[in-house]
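Chemist:
2 protein chains.
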Amino acid sequence: MDSQSLQIFVTLAQTQHFGKTAALCHLSASAISRHVQRLEASVGQLLVERDNRQVHLTPAGRHFLTYAKQALEAWQQVQRDLNNHPENLSGEISVYGSVTASYSILTRILPVMRARYAGVELKLRTGDQANGIARVLSGQDDCAIVAKPTYLSNKLEFLPLERTPLHLIGPKDNSALSQRINLAIEHSIAPAWANLPLVLAEYGLARERLLQRLAALQQIPFIYAQVGGHEAVVAMVGLGLGVGVVPELVIQHSPMQQSIHILPWLTDLEPFILGLCALRERLRDPLLQALWCCAKPDS
Amino acid sequence: MDSQSLQIFVTLAQTQHFGKTAALCHLSASAISRHVQRLEASVGQLLVERDNRQVHLTPAGRHFLTYAKQALEAWQQVQRDLNNHPENLSGEISVYGSVTASYSILTRILPVMRARYAGVELKLRTGDQANGIARVLSGQDDCAIVAKPTYLSNKLEFLPLERTPLHLIGPKDNSALSQRINLAIEHSIAPAWANLPLVLAEYGLARERLLQRLAALQQIPFIYAQVGGHEAVVAMVGLGLGVGVVPELVIQHSPMQQSIHILPWLTDLEPFILGLCALRERLRDPLLQALWCCAKPDS
DNA sequence: CATTATGTTGCGTTTTGCGCAATAAGCTTA
DNA sequence: TAAGCTTATTGCGCAAAACGCAACATAATG
Numbered sequence: 001m002d003s004q005s006l007q008i009f010v011t012l013a014q015t016q017h018f019g020k021t022a023a024l025c026h027l028s029a030s031a032i033s034r035h036v037q038r039l040e041a042s043v044g045q046l047l048v049e050r051d052n053r054q055v056h057l058t059p060a061g062r063h064f065l066t067y068a069k070q071a072l073e074a075w076q077q078v079q080r081d082l083n084n085h086p087e088n089l090s091g092e093i094s095v096y097g098s099v100t101a102s103y104s105i106l107t108r109i110l111p112v113m114r115a116r117y118a119g120v121e122l123k124l125r126t127g128d129q130a131n132g133i134a135r136v137l138s139g140q141d142d143c144a145i146v147a148k149p150t151y152l153s154n155k156l157e158f159l160p161l162e163r164t165p166l167h168l169i170g171p172k173d174n175s176a177l178s179q180r181i182n183l184a185i186e187h188s189i190a191p192a193w194a195n196l197p198l199v200l201a202e203y204g205l206a207r208e209r210l211l212q213r214l215a216a217l218q219q220i221p222f223i224y225a226q227v228g229g230h231e232a233v234v235a236m237v238g239l240g241l242g243v244g245v246v247p248e249l250v251i252q253h254s255p256m257q258q259s260i261h262i263l264p265w266l267t268d269l270e271p272f273i274l275g276l277c278a279l280r281e282r283l284r285d286p287l288l289q290a291l292w293c294c295a296k297p298d299s
Numbered sequence: 300m301d302s303q304s305l306q307i308f309v310t311l312a313q314t315q316h317f318g319k320t321a322a323l324c325h326l327s328a329s330a331i332s333r334h335v336q337r338l339e340a341s342v343g344q345l346l347v348e349r350d351n352r353q354v355h356l357t358p359a360g361r362h363f364l365t366y367a368k369q370a371l372e373a374w375q376q377v378q379r380d381l382n383n384h385p386e387n388l389s390g391e392i393s394v395y396g397s398v399t400a401s402y403s404i405l406t407r408i409l410p411v412m413r414a415r416y417a418g419v420e421l422k423l424r425t426g427d428q429a430n431g432i433a434r435v436l437s438g439q440d441d442c443a444i445v446a447k448p449t450y451l452s453n454k455l456e457f458l459p460l461e462r463t464p465l466h467l468i469g470p471k472d473n474s475a476l477s478q479r480i481n482l483a484i485e486h487s488i489a490p491a492w493a494n495l496p497l498v499l500a501e502y503g504l505a506r507e508r509l510l511q512r513l514a515a516l517q518q519i520p521f522i523y524a525q526v527g528g529h530e531a532v533v534a535m536v537g538l539g540l541g542v543g544v545v546p547e548l549v550i551q552h553s554p555m556q557q558s559i560h561i562l563p564w565l566t567d568l569e570p571f572i573l574g575l576c577a578l579r580e581r582l583r584d585p586l587l588q589a590l591w592c593c594a595k596p597d598s
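Shown next as structure tokens:
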């Protein structure tokens, strides 16, 4: 028995759907399936009636659900008690991050913070994710959602939260560029980087990794445009202006998702590790600690 | 959070000693240490004050202990509920196994059975472990504690419970045999099997694995004696009559433990997987099911 | 009858957990 | 004070568990 499996079971009971549960729990459907199977094996009883079309709880499952909810509640309670969350804690923390990062990460953290510390105001500042570390170091913001850089100042503390791969994307329209790309893909021809207009972030990890990689391939890139933020890269690529490298999360949350596609080149770029970053010194602030605790997996 | 870690924490709180906790939980001390560290990390609070000489709980640890006990109790309760243990279940089950097997495995299962089903009488029959499967197949006993054989009849169900390596043991006295062995070990000489008196079990997995292995090495064994049961092998080896192969568990529980030692040869024999074995057909009997549930790890 | 939606299974890869051995740190004894 | 013991922790190699992907099975839908 572990809290993750219980959480999954409770979610499944709510959604009545493996796929949706998988999305909510950041796992694959097969992982959900096996979690439930393990649970059933450990109690020796069928908990969920699966019907390939709809899922609903068995009587045993309903009983187990009340247990699971109570157990999770007790677990959260003991965590609150031990960190003796001063629920009258109040104040303001500023969090810096890209729109996308806020979307995917903050949506999980914010409700927990709200519930535990009604008095704490989170001030969200959005901008290019690549600026995050600088803004934390300079004290402009209390913490930031950033990708873990290769080297990290030891003044900073980093809490890893999510991992997302980097993809090379291209436009999906009927432009000459698209057709050239598709032709190359169909014939499994390596891309001609010197003729492939590149939309790059002005700075940041995605830019570095792409350029390093091309250098290693002894290719000279044709940089068409440099923009601030991955969201802008997706937008420009979607408009057919070139190809670019962005984290998968940005693609998933982009309104232009339909206008671009992932190209089968450079598929082994090192993925982004997204997480919270703050000055180690500042982490002694109870407000930041509270945020840190809420952000931790298995909160 | 998982039930194993909670159980470990509760045990540690009782024993106040990592080593003893490790033994009780069938783990190494380092594993215990890391379990506690994980727990502390997940609640963000020191739970145990370690002093390299004595361990005692912090205030947070005492609070967590009450939680852990309740959580484990609730978990056991929900398992009982779901299997709707008929506490007035009564009857008799016969369990066959060697003295050693009973010692190491039944001591864990019996208390649980007693607590849950006061009315069920467990009849323990001891004998050579190697007979277990035959006795179950012939219906003489309801179930047996046996080592998992290479091939298992599909009429049988096997529930793995413990794993214990096979060791080659020799006498520790000052006999000529001991001296010859020690000399060979000191000079890293391979054993001369043809001159090394072997004490073998009459039949069973340990015998098979040893003989197969020697055949693979193209060695002709000098079989000095064949006896029934691993315990007897240890006894004869302890008396200085030869060397033999027995599971580690048998050594640990043998009164002759001081008279023998493990030889550094044949160290990679496939280990024994000890567990419960019963006829699949008979497992529908609620009494056997009850025993099965109590035996399961994480009961 | 083909199609779509959805849960499960096989398989290769990654992550986690474990034991062993070395280490560190306190207590006891000479 | 130093040597010896006891006991928790850490580094490292390895084995088991968990995960994702893709293929599969099955039932509702058009």
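Taken in order, these protein sequences are the chains called A and B.
Everything in the first sequence is counted per this note's numbering, starting at 1 for the first residue and increasing by one.
Everything in the second sequence is counted per this note's numbering, starting at 300 for the first residue and increasing by one.
Virtual Cβ for every residue (Gly too), placed ideally from N, Cα, C.
Note that the coordinates shown come from a computational prediction; the quantities given were computed from them, not determined experimentally.
Given this structure, state the Cα-to-Cα distance separating residue 297 (chain A) from residue 340 (chain B), to the nearest angstrom.
Modeler: 11 Å
Chemist: Which residues in chain A sit within 8 Å of residue 362 (chain B), going by Cβ to Cβ distance?
Modeler: Residue 362 (chain B) reaches chain A at 78, 81 and 82, counting residues in chain order whose Cβ is nearer than 8 Å.
Chemist: Out of B:327, B:452, B:332 and B:489, which has the shortest C-alpha to C-alpha gap to residue 516 (chain B)?
Modeler: B:489
Chemist: If distances are taken between C-alpha atoms only, which option among A:270, A:248 and A:109 comes closest to residue 261 (chain A)?
Modeler: A:248
Chemist: Quick check on DSSP: helix, strand or coil for residue 35 (chain A)?
Modeler: helix
Chemist: Looking at residue 99 (chain A) and residue 277 (chain A), is the spacing between their C-beta atoms short of 7 Å?
Modeler: no
Chemist: Listed from N- to C-terminal order along the chain, which residues in the segment 32-48 of chain A have their beta-carbon within a distance smaller than 7 Å of any beta-carbon of chain B?
Modeler: 42, 43, 44 and 45
Chemist: Could you give the residue range of the alpha helix (DSSP H) that holds residue 366 (chain B)?
Modeler: 358-381
Chemist: Checking the sheet assignment: what are the DSSP bridge partners for residue 144 (chain A)?
Modeler: A:96 and A:277
Chemist: Distance cutoff 7 Å, beta carbons only. Does residue 577 (chain B) sit that close to anything in chain A?
Modeler: no
Chemist: For a contact meaning CB atoms closer than 9 Å, what does residue 592 (chain B) contact in chain A?
Modeler: 44
Chemist: Say whether chain A places a C-beta atom closer than 7 Å to the C-beta of residue 416 (chain B).
Modeler: no
Chemist: Any contact between the segment 357-374 of chain B and the segment 72-84 of chain A? By contact I mean 3 or more CB pairs, one from each, below 8 Å.
Modeler: yes
Chemist: So, for residue 19 (chain A): in the same chain, excluding its five sequence neighbours on each side, which residues have a beta-carbon less than 6 Å away from its beta-carbon?
Modeler: 29
Chemist: Starting from the C-beta of residue 202 (chain A), find all residues in its chain whose C-beta is less than 7 Å away, skip the five residues before and the five after it, and write them out in chain order.
Modeler: 226, 227 and 228
Chemist: What whole-angstrom Cβ distance do residue 5 (chain A) and residue 38 (chain A) have, given they're in contact under 8 Å?
Modeler: 7 Å between Cβ atoms; contact.
Chemist: Please confirm whether residue 300 (chain B) has its beta-carbon closer than 7 Å to some beta-carbon of chain A.
Modeler: yes
Chemist: Interface residues of chain B around residue 74 (chain A) at Cβ under 8 Å?
Modeler: 366, 369, 370 and 373
Chemist: Just verifying my parser: in three-state terms, what is the DSSP assignment at residue 103 (chain A)?
Modeler: helix
Chemist: Could you tell me the distance, in whole angstroms, from the CA atom of residue 323 (chain B) to the CA atom of residue 31 (chain A)?
Modeler: 32 Å
Chemist: Mind checking residue 109 (chain A): buried by the 16 CB within 10 Å criterion, or exposed?
Modeler: Its Cβ being crowded by 16 or more others within 10 Å, residue 109 (chain A) is buried.
Chemist: Using a C-beta cutoff of 7 Å, does residue 298 (chain A) count as contacting chain B?
Modeler: yes
Chemist: Only counting the same chain, and skipping five residues up and downstream in sequence, which positions put a Cβ closer than 6 Å to that of residue 311 (chain B)?
Modeler: Within the same chain, residue 311 (chain B) has close Cβ partners 320.
Chemist: Below 8 Å on C-beta distance, what does residue 60 (chain A) contact in chain B?
Modeler: What residue 60 (chain A) touches in chain B: 381.
Chemist: Please tell me whether residue 465 (chain B) and residue 568 (chain B) are closer than 7 Å, where the distance is taken between their beta carbons.
Modeler: yes
Chemist: Kindly identify the DSSP beta-bridge partner or partners of residue 201 (chain A).
Modeler: According to DSSP, residue 201 (chain A) bridges with A:227.
Chemist: Closest by CA to residue 315 (chain B), which one among B:335, B:381, B:485 and B:557?
Modeler: B:335
Chemist: Would you kindly work out how many angstroms separate the C-alpha atoms of residue 117 (chain A) and residue 44 (chain A), rounded to a whole number?
Modeler: Roughly 40 Å separates the two Cα atoms.
Chemist: Between which two residues does the alpha helix (DSSP H) containing residue 15 (chain A) stretch?
Modeler: 3-15
Chemist: Helix, strand or coil, according to DSSP, for residue 53 (chain A) in the structure here?
Modeler: coil
Chemist: Report the three-state DSSP secondary structure of residue 238 (chain A) (helix, strand or coil).
Modeler: helix
Chemist: At the level of alpha carbons, what is the spacing between residue 463 (chain B) and residue 211 (chain A)?
Modeler: 54 Å
Chemist: I'd like the list of long-range same chain contacts for residue 400 (chain B), defined as Cβ closer than 7 Å, with 5 residues on each side in sequence excluded.
Modeler: 428, 444 and 573
Chemist: With a threshold of 16 other CB atoms inside 10 Å of the CB of residue 119 (chain A), please say whether the residue is buried or exposed.
Modeler: Residue 119 (chain A) comes out exposed.
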